[in-house]
Amino acid sequence: MESNLEKFSRSWPQTLLAASRKVLLYPPNHPVVKNAIAEPFLIFQQFIPSQEKGEVTLSVHEGKLLVNGNILEGEDGHISWFISILENTGIESLTVSSGITQDELGDFIRILIAKPEYIKEKGGIREAVGQKNITHVMVNEVRYAKVKEAMKEEPEEAKSKGTGVESGAGGGTTGQPVAKNVRKRIGIKEYKALEKKHREVLRDKERVDNVIRNIAEGLVVVDSDGNVLLMNPAAERLLGISQKEGVGKKLTDNLSQGQMLALAKGRTDESAEGGLHEIELAGSDESTKRVLRASTAVVENQDGKTVGMVSVLSDITKQKEIDKLKSDFISNVSHELRTPLIAIEKAISLVMGSDSGTPDDERKKFLEIAHSNLDRLTRLINDLLDISKIEAGKMKLNPVPGDLGEVIQHVLETLAPWAKQKDIRLEKYLPAYRVEIFMDADKIIQVLTNLIGNGIKFTHKGGRVFVEVTYRLPDELFPKTSVQVTIQDTGIGVAQEDMSRIFDKFEQVKGVHSSGIGGTGLGLPIAKEIIQMHGGKLWVESTEGSGSKFIFLLPKEEGKDTINEE
-12 MESNLEKFSR
-2 SWPQTLLAAS
8 RKVLLYPPNH
18 PVVKNAIAEP
28 FLIFQQFIPS
38 QEKGEVTLSV
48 HEGKLLVNGN
58 ILEGEDGHIS
68 WFISILENTG
78 IESLTVSSGI
88 TQDELGDFIR
98 ILIAKPEYIK
108 EKGGIREAVG
118 QKNITHVMVN
128 EVRYAKVKEA
138 MKEEPEEAKS
148 KGTGVESGAG
158 GGTTGQPVAK
168 NVRKRIGIKE
178 YKALEKKHRE
188 VLRDKERVDN
198 VIRNIAEGLV
208 VVDSDGNVLL
218 MNPAAERLLG
228 ISQKEGVGKK
238 LTDNLSQGQM
248 LALAKGRTDE
258 SAEGGLHEIE
268 LAGSDESTKR
278 VLRASTAVVE
288 NQDGKTVGMV
298 SVLSDITKQK
308 EIDKLKSDFI
318 SNVSHELRTP
328 LIAIEKAISL
338 VMGSDSGTPD
348 DERKKFLEIA
358 HSNLDRLTRL
368 INDLLDISKI
378 EAGKMKLNPV
388 PGDLGEVIQH
398 VLETLAPWAK
408 QKDIRLEKYL
418 PAYRVEIFMD
428 ADKIIQVLTN
438 LIGNGIKFTH
448 KGGRVFVEVT
458 YRLPDELFPK
468 TSVQVTIQDT
478 GIGVAQEDMS
488 RIFDKFEQVK
498 GVHSSGIGGT
508 GLGLPIAKEI
518 IQMHGGKLWV
528 ESTEGSGSKF
538 IFLLPKEEGK
548 DTINEE
């Protein structure tokens, strides 16, 4: 069973090592640092009453750690670390006495792990301890330099004279080989300790470098003057500059020629203390503009002085786009809801306000207006419900065998009055056979109403919307036998840059001539989802100013005829 001394000898260096790591990472007054220092302080307070002198002396002898003169055996990493710390700081022994405070212990740990330049600047380890008013830690330094200086000062005649006496009192030559031997042993020990410490530092550096390189977010470290000290690959990609170009320069120096547009309104001088702000970076066009969120933290030295800042950069461009889409969607929906409600209200008011002499035809016209707008309102609400079901994965199909040609004919007849009102021709090519397919007829009607309705909506007076049904064999685009439905119009078309997002939710793609055309941007994403739920495929082919062609495929069930003669 371990004695109190053995337990202390093993646990105290271990907790000192843990505390030193926290001291390196956090400012002096950070709660994490205080909690870390509290642990070795508590261990010392529990152990010291068992010592008669009320103190603990630690020293190193031949690579072993001595605690109150007792050699601590073992190869534990924290003991090796403590030995290397004592040797590297030139401490021959240190004595910690009762009455030490937690703040004193914390200050002493910071001195132990300080850079050699700091110790040298203070005039040595003992002076550094004294300047911090650490009164309960006494340090004895190794004075190897004095031996070396003494050997240099030895008179030349003493070296050459000799007395023939090899040892014993009064011997004039015995000091030189002894001193050489001491220096040799000291040099070997120091070299091994430094070599070991160097390997540890390299391993730690490699681990840190690997972490920094593989962080998904951009990481930028700047000094107190704002000059870049470090950038990881993610930051290079986000900012469009290499570490070689950025290091040693101010970050904004590399974002010249209008690339840095603006900082977010919320960023003030308070950001010098850390926090969140946004940076907007211009690209070659509007579509390549990016917005970065920078989370910034202050870096302080052991004296609490700000020496730089660390910024973590996240690309929030997509999030900003989604926020804008949602805002536009809410605005569009508000308008789309308000318009039919106003029309319904006016029509009903006119009917209710009419006298008995008002012709029935006129009343019927007002009621038809109200009914038409109720249908429009119902479709809008159904779209909102459908997109909610799609988002939640709760949209269900009820597929049964049915005639696709009959469904298309029904939709064309329903939309014919609207097309006639706009002087647009509705044309079709349907096989002279039953186009029988396994489908949810109501959902397919919804798809066709949206696609043909869009053709009417975005085609000018005198234009044409054409619907065609053909039989398609398997190919690279679609590996199953299928029925192909094509809806082609002579409308405004879709710009090439908008093709990739035309099926995105809330997206209201507008051509050069379509200003003022309403909509929620939900019809096409719902249509695509319905076709995909049927196992099919929907896409668009278009040239801006020359009309659009929407094509969808519905698969044929294996072993069943898709087209049967009546």
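Residue numbering for the sequence shown is -12 to 553, as defined by my numbering.
Cβ coordinates follow ideal geometry from the N, Cα and C atoms, glycine included.
Evaluate contact between the stretch 299 to 312 and the stretch 276 to 286, counting only Cβ atoms and requiring at least three cross-stretch pairs below 8 Å. yes
Got a sec: is the Cβ-Cβ distance from K524 to anything in chain C below 7 Å? The structure shown contains no chain C; it is built from a single protein chain.
How far does the alpha helix (DSSP H) with S(-4) in it reach, from first residue to last? N(-9) to L12
Would G77 pass as a contact of E108 if the rule is Cβ separation under 7 Å? no
Nearest residue (CA-CA) to L384, options V338, Q519, S487 and M486: Q519
Does G253 come out as helix, strand or coil in the three-state DSSP assignment? Caution is warranted here: a pLDDT of 37 is assigned to G253, below 50, making its placement in the model unreliable, and no coordinate value can be reported.
Among N(-9), V208, M125 and I517, the one whose alpha carbon lies nearest that of G380: I517
Are at least three pairs of beta-carbons, each pair with one atom in the stretch 371 to 380 and one in the stretch 400 to 416, less than 8 Å apart? no
Once the 5 residues before and after T446 are set aside, which same chain residues still bring their CB inside 7 Å of it? I411, V452, D476, T477 and G478
Counting along the chain, where does the beta strand (DSSP E) carrying G389 start and finish? V387 to D390
DSSP three-state label for G149, please. The pLDDT assigned to G149 is 42, lower than 50, so where the model puts this residue is not dependable; a value taken from the coordinates is nonetheless given after this. It is coil, neither helix nor strand.
Opposite L509 in the DSSP bridges: which residues? According to DSSP, L509 bridges with nothing at all.
Please work out which residues of its chain come closer than 8 Å, Cβ to Cβ, to R200, disregarding the five sequence neighbours upstream and downstream, and give them in chain order. N219 and P220
DSSP on H264, reduced to helix/strand/coil? strand
How would you label M426, buried or exposed, when you count the other beta carbons within 10 angstroms and need 16 or more for buried? buried
Could you name the residues that DSSP lists as bridge partners for A284? V297
V470 to H264, Cα distance in whole Å? 53 Å
Local conformation of S533 per DSSP, three classes: coil
Between I431, L540 and D462, which has its C-alpha nearest I513's C-alpha? I431
Alpha carbons only, please: which of D491, S529 and K409 is nearest the one belonging to G440? K409
Using the Cβ count rule (16 or more neighbours within 10 Å means buried), how would you classify Q33? exposed
Can you list, in chain order, the residues of its chain with a C-beta nearer than 8 Å to that of V294? Leave out the 5 residues immediately preceding and following it. D210, S211, V286, E287 and N288
Check the C-beta distance from E91 over to I121 and give it rounded, since I have them as a contact under 8 Å. 5 Å
Cα-Cα separation between E393 and P418, rounded to whole angstroms: 11 Å
Starting from the C-beta of I489, find all residues in its chain whose C-beta is less than 8 Å away, skip the five residues before and the five after it, and write them out in chain order. V481, V496, L511 and V527
DSSP puts S229 in a beta bridge; with which residues? According to DSSP, S229 bridges with nothing at all.
Express the C-alpha separation of V126 and E114 in angstroms, rounding to a whole number. 9 Å
Kindly indicate which residue of A284, Q118, L52 and V299 has the alpha-carbon position closest to the one of A203. V299
Nearest-angstrom Cα distance between G111 and G227? 46 Å
Apart from the five residues just before and just after R224, which ones in its own chain have a Cβ nearer than 8 Å to its Cβ? G205
Can you tell me whether H397 is helix, strand or coil according to DSSP? helix
Whole angstroms are fine: how far does the CA of K515 sit from the CA of Y458? 20 Å
Leaving aside the five residues before and after T82 along the sequence, list all residues of the same chain whose C-beta is less than 6 Å from its C-beta, in chain order. E42, T44 and M125
Do you know offhand how far V234's Cα is from N214's? 7 Å
Is the CB-CB distance between L337 and F316 below 7 Å? no
Which runs of the alpha helix (DSSP H) spanning at least 4 residues fall entirely within the stretch 92 to 125, listed in chain order? 103 to 109 and 112 to 118
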